[in-house]
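Residue numbers (our numbering): -7 to 420.
Down below is the structure, laid out as structure tokens.
Structure representation (structure tokens):
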């Protein structure tokens, strides 16, 4: 297949696959639907934090394991498609679990197993997907593609959100019936995304300059981080962003538990958060395409500062008797910021260069891995001391992230023209 046709075909395939993926995950959104599901079955804020930790940590740990072997794969599209077909139908497992009305601890335990496998499977896919994406999508259209994924996925999420709200509000449905439909819908759409991925193809590319053993590969990562000050700054900001967003899974629960919102109001907040992810996909795609990925990072951290500051004020009781319409913009902002990851990913790709793109992405994941456990720690803190400490720490991290992001320059020269730090040759 000619290169222009292949690039056009992949653009459509990757766009459709990502849009379906985001739509499917909206039915079981880790910051909106899953906390409500866990709270309904266990009444535990702590376990809601555990789900958010699993969502990030399982994926990153698997990425670190497969990273050294990515460039040895001869057919990336075939590998990605196979893993997707094995992993993405997993939400179907929850249907009989919920409809059989098993004891809540057992049902939630099965959920955590399924969710860990689903998120870990995503880790098997993410780095190869990024490699295929970077190689077959021209640099000037990458931000637009990721933003369009979020946009079209968000439109699908609106439909998903309508279903979510209808089910959560329905007075005649038991919790098991409500959530069985949501998990089933997620499984169906995610399986369809795997089918679409089978249409993707790869470009011919030269073999890796120097094959490294896994041990040499991991030993090379700290050197790359230490020698590239710009990349080090991006990783620092990314780490602070995870601290600032550790409140994300608890925003809706805060409104339900501490502000006393009724179930119908809670379902509306969940829906607004899903709408926020739609707006965020469009917004960050446009900012990336027009202003650059460094502005995505700065603006998203500014919104994180606004979110954490507002949540802290509300937790202090500055405004007694908060109406739901005043709280609603916070859930919207929370949703918008869930799509800001594309700024960090694209900026990292821009400064890494072709040869060490995988290295840079894995370094970023390795450094930020400990921060993914913050949502679990936040759940424990909230259970013991309330929401204020979590909101205060999030606010402090957001302030530092904004200060650093203001000094983040655009990549110098043409995109991907940065000189990569060469690794030492393999010792024979």
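Ideal Cβ placement from N, Cα and C applies to all residues, glycine included.
Model, not experiment: these values are computed from the prediction.
With H, G and I counted as helix, E and B as strand and the rest as coil, what does DSSP make of residue 135?
Numbered from its first residue, the chain shown carries residue 135 at position 143. Judged by DSSP in its simplified three-state form, residue 135 adopts helix.
Tell me which residues share the same chain as residue 102 and place their Cβ nearer than 6 Å to its Cβ, disregarding the 5 neighbours each side in the sequence.
Within the chain shown, residue 102 is the residue found at index 110, counting from 1. If we look at residue 102 and ignore the five residues flanking it on each side, its Cβ neighbours are 89.
Are the segment 34 to 45 and the segment 172 to 187 in contact at 8 Å, needing three or more beta carbon pairs?
no
Classify residue 231 as helix, strand or coil using the three-state DSSP reduction.
Here the question's residue 231 lines up with position 239 in the chain shown. DSSP places residue 231 in helix when its eight states are reduced to three.
Simplified DSSP state of residue 175, which is helix, strand or coil:
Numbered from 1 along the chain shown, position 183 holds the residue referred to as residue 175. Looking at residue 175 - three-state DSSP - the assignment turns out to be helix.
Determine the burial state of residue 317: buried for a count of at least 16 other Cβ atoms within 10 Å of its Cβ, exposed for fewer.
Position 325 of the chain shown holds residue 317. The residue is exposed, with fewer than 16 neighbouring Cβ atoms inside 10 Å.
Any idea if residue 221 is buried or exposed, counting beta-carbon neighbours within 10 angstroms, 16 or more meaning buried?
Stepping through the chain shown from its first residue, residue 221 is reached at position 229. Residue burial annotation: residue 221 is exposed, with fewer than 16 other C-beta atoms found within 10 angstroms of its C-beta.
Return yes when the Cβ of residue 153 is within less than 8 Å of the Cβ of residue 47, no when it is not.
Taking the first residue of the chain shown as 1, we reach residue 47 at position 55. Taking the first residue of the chain shown as 1, we reach residue 153 at position 161. Contact annotation: residue 47 and residue 153 have beta-carbon atoms that are not nearer than 8 Å.
From which residue to which residue does the alpha helix (DSSP H) around residue 385 run?
The residue labelled residue 385 in the question sits at position 393 within the chain shown. Segment 380 to 397, the alpha helix (DSSP H) holding residue 385.
Pair within 8 Å by beta-carbon distance, residue 148 and residue 11
Against the chain shown, residue 148 aligns to sequence position 156. Against the chain shown, residue 11 aligns to sequence position 19. Yes. Within cutoff.
Would you kindly work out how many angstroms separate the C-alpha atoms of residue 322 and residue 64, rounded to a whole number?
Locating residue 322 in the chain shown gives position 330, where the first residue counts as 1. Locating residue 64 in the chain shown gives position 72, where the first residue counts as 1. Looking at the two C-alpha atoms, the distance is approximately 45 Å.
Residue 262 to residue 24 span [Cα, whole Å]
On the chain shown, position 270 is the one that residue 262 refers to. On the chain shown, position 32 is the one that residue 24 refers to. The alpha-carbon atoms of residue 262 and residue 24 are separated by roughly 5 Å.
8 Å contact criterion, which residue 124 and residue 69 should meet: CB distance rounded
Position 132 of the chain shown, counting from 1, holds the residue named residue 124. Position 77 of the chain shown, counting from 1, holds the residue named residue 69. About 7 Å separates the CB atoms of residue 124 and residue 69; that is less than 8 Å, so the two are in contact.
DSSP-derived helix/strand/coil call for residue -6
As a position in the chain shown, residue -6 is number 2, starting the count at 1. Coil at residue -6, not helix or strand.
Terminal residues of the continuous alpha helix (DSSP H) containing residue 57?
The residue given as residue 57 occupies position 65 in the chain shown. 37 to 58 is the extent of the alpha helix (DSSP H) around residue 57.
Between residue 52 and the rest of its own chain, which residues show a CB-CB distance below 6 Å, the 5 nearest in sequence each way excluded?
Here residue 52 corresponds to residue number 60 of the chain shown, with the count starting at 1. Same-chain partners within the cutoff: 357, 361.
For residue 141, tell me which candidate among 15, 130, 219, 230 has the shortest Cα-Cα distance.
One-based indexing of the chain shown puts residue 141 at position 149. That would be 15, whose Cα lies nearest to the Cα of residue 141.
For residue 389 and residue 236, believed in contact at Cβ under 8 Å, the rounded distance
For the purposes of this step, residue 236 is taken as the residue at position 244 of the chain shown. For the purposes of this step, residue 389 is taken as the residue at position 397 of the chain shown. About 4 Å; that satisfies the 8 Å criterion.
Return yes when the Cβ of residue 380 is within less than 8 Å of the Cβ of residue 304, no when it is not.
In the chain shown, residue 304 corresponds to position 312, counting from 1. In the chain shown, residue 380 corresponds to position 388, counting from 1. Yes, the pair counts as a contact, with Cβ atoms nearer than the cut-off.
Would the segment 91 to 107 and the segment 282 to 289 be scored as touching if the rule is three or more Cβ pairs under 8 Å?
no
Can you list, in chain order, the residues of its chain whose CB lies under 7 Å from that of residue 9, leaving out five sequence neighbours each side?
Here residue 9 refers to the residue found at position 17 when the chain shown is read from its first residue. Result list for residue 9: 185, 188, 189, in chain order.
Buried or exposed by the 16-neighbour rule on C-beta atoms within 10 Å, applied to residue 166
For this step, residue 166 is matched to residue 174 along the chain shown. By the 10 Å Cβ count, residue 166 comes out exposed.
Mind checking residue 308: buried by the 16 CB within 10 Å criterion, or exposed?
Taking the first residue of the chain shown as position 1, residue 308 is located at position 316. The residue is exposed, with fewer than 16 neighbouring Cβ atoms inside 10 Å.
Can you tell me the Cβ-Cβ gap for residue 127 and residue 195, rounded? I've got them flagged as a contact below 8 Å.
Your numbering for residue 127 matches position 135 in the chain shown. Your numbering for residue 195 matches position 203 in the chain shown. With a Cβ gap of about 6 Å, residue 127 and residue 195 count as contacting.
Integer Cβ distance of residue 392 from residue 225, believed to fall under 8 Å:
Taking the chain shown and counting its residues from 1, one reaches residue 392 at position 400. Taking the chain shown and counting its residues from 1, one reaches residue 225 at position 233. Not a contact, Cβ separation roughly 12 Å.
When burial is assigned at 16 or more other CB atoms within 10 Å of the CB, is residue 255 buried or exposed?
Counted from its first residue, the chain shown places residue 255 at position 263. Under this definition residue 255 is an exposed residue.
Taking Cβ positions, are residue 422 and residue 268 nearer each other than 8 Å?
One cannot answer for residue 422 here, as it falls past the ends of the chain, which runs -7 to 420.
Comparing C-alpha positions only, which one of 192, 143, 281, 139 sits nearest to residue 1?
As a position in the chain shown, residue 1 is number 9, starting the count at 1. Answer by Cα proximity: 192.
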